[in-house]
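Novice: For what it's worth, numbering that gives the first Met the number 0 labels the leading residue of the sequence shown as 0, then goes sequentially. Note that beta-carbon positions come from the ideal geometry of N, C-alpha and C, so glycine has one too.
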Amino acid sequence: MRLVLGSILASWIVTLAGCASGIRPHDVSSPRVVRLPFTLTAANNIAVRATLNDVDAVNLMFHTAVDSVSLTRETIERLSHFEVADSVDVKSWGGTASARRSTGNTLRMGELAWRDLTIFETEQSGPATDGKFGPNLFAGRIVEVDYDAGEISIHAVLPPIGTEFQRLDLARRNGACYVTCPMIVAGEIHATEFMLHTGFGGTALLDQTFLREHGLDAKLAVVGESTLRDSFGNPVPTRTVRIPSLRLGPQEFVDVAVGTFDGRIGSDRASVLGAGLLARCHWILDPDHGHLYVAPRRTEIAARGS
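(1) Beta-carbon within less than 7 Å of Leu157's beta-carbon, same chain only, minus the 5 sequence neighbours each way: which residues are those?
(2) Is the beta carbon of Thr191 within less than 7 Å of some heavy atom of the ligand ADP?
(3) Quick check: the segment 116-133 against the segment 38-54, are at least 3 beta-carbon pairs closer than 8 Å?
(4) Report the rounded CA-to-CA distance for Arg166 versus Phe199, giving the unit in angstroms.
(5) With distances taken from CA atoms, which of Val83, Leu247 and Met108 is nearest Ala294?
(6) The beta strand (DSSP E) spanning Ile306 covers which residue range?
(7) Can you tell which of Thr63, Leu277, Ile283 and Glu187 has the C-alpha that lies nearest to the C-alpha of Arg172?
(8) Could you compute how far the alpha carbon of Thr202 sits from the alpha carbon of Leu78?
(9) Where does Ile153 land, buried or exposed, given buried means 16+ other C-beta within 10 angstroms?
(10) Among His80, Gly109, Met182 and Ala56, which one has its Cα closest to the Cα of Gln250?
(11) Assuming Asp145 and His281 make a contact with CB atoms under 8 Å, what is their CB distance in whole Å?
(12) Going by the CB atoms, is the gap between Arg72 and Ala84 shorter than 8 Å?
(13) Whole beta strand (DSSP E) runs in the segment 190-229 with 3 or more residues, listed along the chain?
(14) Quick check: Cys180 and Leu169, are their CB atoms within less than 8 Å of each other?
(15) DSSP on Ser79, reduced to helix/strand/coil?
(16) Please return the same chain residues whose Cβ sits closer than 7 Å to the Cβ of Pro36, not counting the five positions on each side in sequence.
(17) From this set, Val221, Glu192 and Thr74, which residue's C-alpha is nearest Gly258's C-alpha?
(18) In whole angstroms, give me the CA-to-CA distance for Arg241 and Gly223.
(19) Taking 7 Å as the limit between beta carbons, can you name the residues of its chain near Ile75, skipping five residues before and five after?
(20) By a C-beta neighbour count over all protein chains shown, 10 Å radius and 16 as the cutoff for buried, is Leu277 buried or exposed?
(21) Among Asp216, Leu111, Gly133 and Gly109, which has the Cα closest to the Cα of Ile118?
(22) Identify every residue that forms a DSSP beta bridge with Ala170.
(23) Put Ala138 into one of helix, strand or coil per three-state DSSP.
(24) If you draw a straight line from the C-alpha of His189 to the C-alpha of Ser69, how long is it?
(25) Out of curiosity, what's the CA-to-CA distance linking Asp261 and Leu219?
(26) Quick one: what does DSSP say His288 is sitting in, helix, strand or coil?
(27) In chain order, what residues of the same chain have a beta carbon less than 6 Å from the beta carbon of Asp55, not counting five sequence neighbours either side?
(28) Locate the beta strand (DSSP E) running through Ala46, then write down its first and last residues.
(29) Would you tell me roughly how many angstroms separate the C-alpha atoms of Leu205 and Gly273, rounded to the nearest one?
(30) On a CA-only basis, which of Glu110, Gly103, Ser67 and Asn104 is nearest Arg34? Give me that one, please.
(31) Can you find the residues in the same chain that come closer than 6 Å, C-beta to C-beta, to His196, ignoring five residues on each side of it along the sequence?
Right, dumping it as structure tokens:
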């Protein structure tokens, strides 16, 4: 698997045939909380152990910017069972590609199971993972990500929210989630919409069009350049700049090195908030009600008090 400057962009994928087809979510009427343990990889990706078709163990990345389940080509080659139904055209950040898909699969995570599931093939996923899945697997539920506990908790109703949490408005488009975050550039506060992207292990990517339109591009000193790769290996050139402050709800990130890119995400345009910053928060995703609840991680709070 090819990595460029130690970073990978496991991109948002839009299929032309409905990524979520065939998903049979668990009983959303049950009040019981379901907890899925995860491992935080060296690239800040959330990796959950799963079983495919009751035979093959796979390590899947929880990816907030996709609404499908996919496996890398390398993983598919070692599976005991993966029947290709057809191929479809997909759009990724760096271009388009043709992807094989398999129907009628069963996927298990802990005590949860989905049957008659469609799975797509991609070239890449986050390091140390075999593929990825999106929040749509938990349709109708509220998803809590607690990095300190190493758990994804699936709630039927909103859990008790402590005073350390702040509620943000959450937009949902084309299977991805967006929040507005303020940042400081050249001593001025500017706010823009960010896609939540746990598949991107870096800190953030800023839309160059937004920067130009607000006269900020010339005010940011470039400290480096790199090329990221999307799920199909397409190149995404970026420049690295430093932002004095970027805030997600109550959590402030100070003197952050972030990338800038052309902002094109399929047919949309936005900046990206990556796993390098999201992993420093405790957050609760409530897409049905359009809310994201954010608190600093307990380890972050403890560090401030030391």
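Specialist: This is what the structure holds:
(1) Ile141 and Asp285
(2) The ligand ADP is not part of the structure shown, which contains no ligands of any sort.
(3) yes
(4) 23 Å
(5) Leu247
(6) Past the boundaries of the shown model lies residue 306; the chain is included only from 0 to 305, so the question cannot be answered.
(7) Thr63
(8) 33 Å
(9) buried
(10) Met182
(11) 6 Å
(12) no
(13) 203-206 and 221-228
(14) no
(15) coil
(16) Gly149 and Glu150
(17) Val221
(18) 10 Å
(19) Phe81 and Glu120
(20) buried
(21) Gly133
(22) Tyr177
(23) coil
(24) 36 Å
(25) 15 Å
(26) helix
(27) Leu78 and Ser79
(28) Ile45 to Leu51
(29) 11 Å
(30) Glu110
(31) Ala64, Val271 and Gly273
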